[in-house]
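Numbering (the numbering used here), first residue to last: 56 to 198.
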């Protein structure tokens with residue numbers, strides 16, 4: 056019986072989707088740093104305000120990561136990765152929307168800043184799940 060199990064070929068699972076998902080985290084943050092001078096000019100927000108916005112998103116990683124660890128054990132790592140990707144998409148959509156609305160003068164600075172703050176809160180609270188969920192998922196796939 057055990058020889059039959061050993062003879063069964065194992066399906067090789069690609070880790071590219073995991074690598075792509077985790078890689079988005081770095082691409083997004085580095086992309087923001089690259090376009091930061093343009094954002095400062097277009098939105099008329101100071102560099103210190105943008106630095107605080109970036110810090111806000113990063114700061115929320117620490118308190119929210121343990122909660123995501125619990126969610127990984129309850130719902131599975133794939134579900135948590137999908138939540139993190141969804142949060143990533145929502146946060147950058149809001150960030151882009153807030154920036155465009157401010158640059159075109161469609162909203163006041165206070166409203167635009169509010170949209171940017173919400174975007175960074177969504178980012179910090181959801182994307183903090185990405186790395187631990189991808190790590191657990193990769194370990195589970197490796198056997």
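The C-beta atom is built at its ideal place from N, Cα and C for all residues, glycine as well.
Of the residues 146, 129 and 132, the one whose Cα lies closest to the Cα of residue 182 is 146. Residue 108 holds the alpha-carbon nearest to the alpha-carbon of residue 84 among 162, 124, 166 and 108.
Taking a contact as a CB-CB distance under 8 angstroms, the pair residue 76 and residue 179 does not count as one, their CB atoms being some 17 angstroms apart. When secondary structure is reduced to three states using DSSP, residue 89 falls in the helix class.
With respect to the 9 angstroms criterion, residue 120 and residue 72 are not classified as neighbours on the basis of their beta carbons. Burial is judged here by how many other beta carbons sit within 10 angstroms of a residue's own beta carbon; residue 175 has at least 16 and is buried.
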